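Below is one structure, written out as structure tokens; comments come after it.
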Amino acid sequence: MLEGYASRKELSREVHDPLFARAVAFEQDHQRLVLVAVENCGFYNSTAEPLRSAVLKASGLKPSELFLCATHTHSAPALGLDSPKSHTNNVQYTQWLGGRLADVVSRAIGNLNPIEARVGSGSSPVGANRREVTTDNEGKPKVILGRNPALLTDREVQVLGLARPGESSVAGLIFAYNTHSTALGPRNNSVSGDVHGLAAQFLENYYGPAMIATGFAGASGNIDPWYRVLSGFKTNNGWIPEPILLGTLLGEEVVHVIDRNGTAVTNATIRTASNTITVPAKSGDEESTTGATASMLITVARLGEIAFVGWGGEVFNEIGKVVKEKSPFRYTFVLTHCNGAAGYLPTTSSYSAGGYEVQSSHFAPGADEVLIRETLSLLQTLKQD
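Using our numbering, read the sequence shown as starting at 132 and increasing by one per residue.
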């Protein structure tokens, strides 16, 4: 079964494009940082900790040194380790995936070599705010999942390019962009990496088989691709399938950023930290017997003047933008679906309008303010270290 849409009941039928897990490892002065992008919807059904434990045990990493992130494609197998709740195929896939993730991280650490890095950013129109405002039968406004281009979004494409010392060719890169990977919808039964995965494949084809492109979903809880929830890959009469068009457009912007060279990063200090914070929850959804609270895992790291923020949930676009703007670091990559799957965390201002994300979230207004404050506090601690 593929993950991401409750209305999809059939098993997948074919593989349109393969799914990948890509890992980038850094080490400086015996401090390590590993970023992993898994082409999956997310670590739901209590799978985050078993998968993380498998990687940590095999690699010897400290928990804060590992950013295990899902790209949030809705065209990948649902993860699950509980046979009564998950299809047998999915349980077997999840068990297999744990070993493969441990292997890819161990190989990334085992292949460490000197590199030169350059960081930069661009912009892409691939993602759009999906909280479309319409009216109900009584003429009252309501929010549906659609397209609302009138609302400004953070369209930044964040890129870190990696090269061997003395070589001009790109050996690897990291990119982050704010969108769901949901160009494909519930009627699609083909396995695919969707927007992020197709962008990564485009980049690896463009630069050659020796280059690894590791893509991440930024703060995109309320952002969908411009063309969204399609039934499949339309190819008749020379039509370019929209998921491929969007992935290519995103990938080409990454290339443009790389071509501009960006800011050099050398002999970068590595520091990492993590913290599970308590935030307000809706009544009845609390994880504490003493009040309505829920938890969210924050993982942060610095690579010189570059910071990485990992949030274990689907965080609204505006929240990520605030953290990037207020971060004490010159460059701050925000990565979601990281080391957990806490669900939607909307902005406080969005609750009055309602909509799917607000209704399905177990967080309450004010959770965004706590998340921003605690994330910036962790970043400030790394800055002073």
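Backbone N, C-alpha and C fix where the C-beta goes; we use that ideal spot for every residue, glycine too. This structure is a prediction, so every number in the text was calculated from the model and none was measured.
Assumed close pair residue i, residue j - CB separation to whole angstroms, cut-off 8 Å
i	j	result
Ser87	Val322	With the chain represented from 132 up to 516, any question about residue 87 goes unanswered, as that position is not in the structure.
Thr379	Ser351	About 19 Å; that fails the 8 Å criterion.
Tyr175	Ala472	5 Å
Thr479	Gly497	6 Å
Phe460	Leu510	7 Å
Leu377	Trp357	7 Å
Asn171	Ala201	5 Å
Thr400	Arg433	7 Å
Val257	Tyr337	Between Tyr337 and Val257 the Cβ distance is about 17 Å, and since that is not below 8 Å, they are no contact.
Leu212	Thr204	The Cβ separation is near 20 Å, so there is no contact.
Pro208	Leu133	6 Å
Gln289	Asp148	Contact flag wrong, Cβ pair sits at about 24 Å.
Glu287	Ser252	5 Å
Ser300	Ala348	With 8 Å as the limit, Ser300 and Ala348 do not qualify as a contact, their Cβ atoms being about 27 Å apart.
Residue j beta carbon less than 7 Å from that of residue i
i	j	result
Lys413	Ala495	yes
Ala168	Thr345	yes
Ala154	Val235	yes
Thr403	Ile354	no
Asn319	Gly363	yes
Val453	Met427	no
Leu232	Val186	yes
Gly277	Glu298	no
Ile246	Leu182	no
Thr178	Leu210	yes
Val431	Phe306	no
Residue i classed as buried or exposed, judged by whether at least 16 other C-beta atoms fall within 10 angstroms
i	result
Glu180	exposed
Glu158	exposed
Asp516	exposed
Glu418	Confidence at Glu418 is low in this model, with a pLDDT of 49, below 50, so its placement is unreliable and the value that follows should be read with caution. Classification of Glu418: exposed, given that the 10 Å Cβ count is below 16.
Asn368	exposed
Ile371	exposed
Arg359	buried
Asn72	As shown, the chain starts at 132 and ends at 516. That puts residue 72 outside it, with no answer to give.
Gln223	exposed
Asn268	exposed
Thr506	buried
Gly441	buried
Gly229	buried
Leu513	buried
Pro374	buried
Asp160	exposed
Gly270	exposed
Thr420	In this prediction, Thr420 has a pLDDT of 44, which is less than 50 and means its spatial position is unreliable; nothing more can be read from the coordinates.
Residue of the options minimising C-alpha distance to residue i
i	options	result
Asn244	Glu488, Pro296 and Phe306	Pro296
Met342	Gly303, Val454 and Ile375	Gly303
Ala484	Gln223, Ser206 and Val274	Val274
Ser464	Arg231, Lys188 and Leu291	The displayed chain sequence assigns Phe, not Ser, to residue 464. The residue with the shortest Cα to Cα distance from Phe464 is Leu291.
Ala239	Ser190, Gly258 and Leu276	Ser190
Gly444	Thr430, Thr400, Ala207 and Gly474	Gly474
Arg502	Lys271, Thr284, Thr424 and His218	Looking at the sequence itself, residue 502 is Leu, so the reference to Arg does not match. Of the listed residues, the one whose Cα sits closest to Leu502 is Thr424.
Phe439	Ser426, Met427, Glu449 and Lys455	Lys455
Leu381	Thr394, Met427, Leu434 and Leu334	Leu334
Arg192	Gln162, Ser491, Ser492 and Gly435	Just to set this straight, residue 192 is Leu in the shown sequence, not Arg. Out of Gln162, Ser491, Ser492 and Gly435, Gln162 has the C-alpha closest to the C-alpha of Leu192.
Ser492	Pro477, Leu133, Glu500 and Lys188	Pro477
Ser254	Thr394, Asn268, His387 and Glu145	His387
Glu436	Ala248, Leu282, Glu383 and Asn470	Ala248
Asn279	Lys271, Thr313 and Ala259	Ala259
Pro481	Glu449, Tyr462 and Thr512	Checking the sequence, you will find Ser at residue 481 rather than Pro. Nearest of Glu449, Tyr462 and Thr512 to Ser481, Cα basis: Glu449.
Phe151	Lys188, Glu196 and Ser206	Ser206
Gly324	Glu145, Asn470 and Thr265	Glu145
His327	Pro317, Gly339 and Glu383	Glu383
Gly173	Val489, Asn470 and Glu488	Asn470
Ile408	Gly486, Glu500 and Leu361	Glu500
Leu282	Ser458, Ser214 and Arg261	Arg261
Ser217	Arg391, Lys140, Pro317 and Pro272	Lys140
In DSSP terms, what residue i is bridged to
i	result
Gly253	Val288
Met427	Ile408
Val489	None, per the DSSP bridge assignment.
Ala201	Val169
Glu263	Ile275
Ile437	Leu434 and Tyr462
Gly346	Phe306
Tyr475	Glu445
Ala248	Leu293 and Val396
Ala154	Val167
Val146	Val322
Gly211	Looking at the DSSP assignment, Gly211 forms no beta bridge with any residue, so it has no partner.
Asp355	Ala259
Phe494	Ala412
Gln162	Gln159
Ile401	Leu434
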